[in-house]
Amino acid sequence: LASLRSVSHDDAKRELTTFFGVGEKIADCVCLFALDKDAAIPVDTHIWRMARAWYVPELAGTSLTAASYAKVGQAFLDTFGDKCGWAQQTLFYRAAVGSRET
């Protein structure tokens, strides 16, 4: 898998999704956390909800599809630039954990 560091995000993601049980979100997690693909945007329930509210409101009321997943990624790239995966992680933390009282 280390060889995937030297290919584009799209190529790495495409290769990862050939493995049984690996979908877009897991492939993007591997790309972001292990393969130095800083623009990878793993889209889970929290990010999907946030993206529709703040970044792609035209997707409100729709289901997550391959096309809408790509639109979310592009919206984050347009908003946060080439390190948008790390901005996504900060927002994910806030949505998933940061709003809970400890």
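Okay, so the sequence shown: first residue is -5 according to our numbering, each after it adds one. Just so you know, even glycine gets a beta-carbon here, dropped at the ideal spot from N, CA and C.
>> Checking 8 Å against the spacing of the C-beta atoms, do Val16 and Ala45 come in under that value?
In response: Cβ atoms of Val16 and Ala45: not closer than 8 Å.
> Can you tell me whether Val91 is buried or exposed, with buried defined as 16 or more other CB within 10 angstroms of its CB?
Replying inline: Taking all protein chains in view, the Cβ of Val91 is surrounded by fewer than 16 other Cβ atoms within 10 Å, so the residue is classified as exposed.
>> Restricting to Cα atoms, I'd like to know which of Ile20, Phe13, Cys25, Leu(-5) is closest to Asp4.
In response: Among Ile20, Phe13, Cys25, Leu(-5), the Cα nearest to that of Asp4 is on Cys25.
>> For Ala54, count the other beta carbons within 10 Å of its own beta carbon; 16 or more makes it buried, fewer makes it exposed. Which is it?
In response: Under a 10 Å Cβ-count criterion, Ala54 is classified as exposed, with fewer than 16 other Cβ atoms of the shown protein chains found around its own Cβ.
> Between Arg8 and Asp30, which are expected to be in contact by the criterion C-beta below 8 Å, what is the C-beta distance as a whole number of angstroms?
Replying inline: No, Arg8 and Asp30 are not in contact; Cβ-Cβ is about 17 Å, not under 8 Å.
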